[in-house]
Amino acid sequence: MRIKFHPGAYEEMLESARFYEARAKGLGVDFLQAVEETTRRIQRFPNAGPIEGSGIRKRLVHGFPFSVLYAQHEDRVFIAAVMHQHRRPGYWKERLGH
424 MRIKFHPGAY EEMLESARFY EARAKGLGVD FLQAVEETTR RIQRFPNAGP IEGSGIRKRL
484 VHGFPFSVLY AQHEDRVFIA AVMHQHRRPG YWKERLGH
């Protein structure tokens, strides 16, 4: 199953990695690896994440206060957000039309 990131989700992932890297050398790389592992788990078990609404599922990013919000389609998984858990809920809903 292919993974496709919404451009906004991809950018927020990179922005968060830059933030962590500025705080401690190597922490940004650790964050990206944790997100990558989360997306691999989503690929293997796309129905495992709890449904958050609008057909969107959520998987936690191990070791960081982030979640990957995604929708499963026939042949791909669409990543709508790589969201900090304390960010305003629902900001990503406008991305669902992509």
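So the sequence shown is numbered by the numbering used here: it starts at 424 and just counts up by one.
Virtual Cβ for every residue (Gly too), placed ideally from N, Cα, C.
Residue i: first and last residue of the uninterrupted alpha helix (DSSP H) it sits in
i: F387; result: Any answer about residue 387 is impossible in this case: the structure gives the chain only from 424 up to 521.
i: A457; result: 450-467
Distance, residue j Cα to residue i Cα
i: V491; j: H485; result: 11 Å
i: R463; j: E497; result: 17 Å
i: K448; j: M424; result: 33 Å
i: E517; j: P469; result: 22 Å
i: K427; j: A503; result: 9 Å
i: G513; j: E435; result: 15 Å
Endpoints, the beta strand (DSSP E) within which residue i is located
i: L483; result: 479-484
i: E475; result: 474-476
i: A503; result: 499-507
DSSP three-state assignment for residue i, whether helix, strand or coil
i: R518; result: helix
i: A523; result: Here the chain has residues from 424 to 521 only, and residue 523 is not among them.
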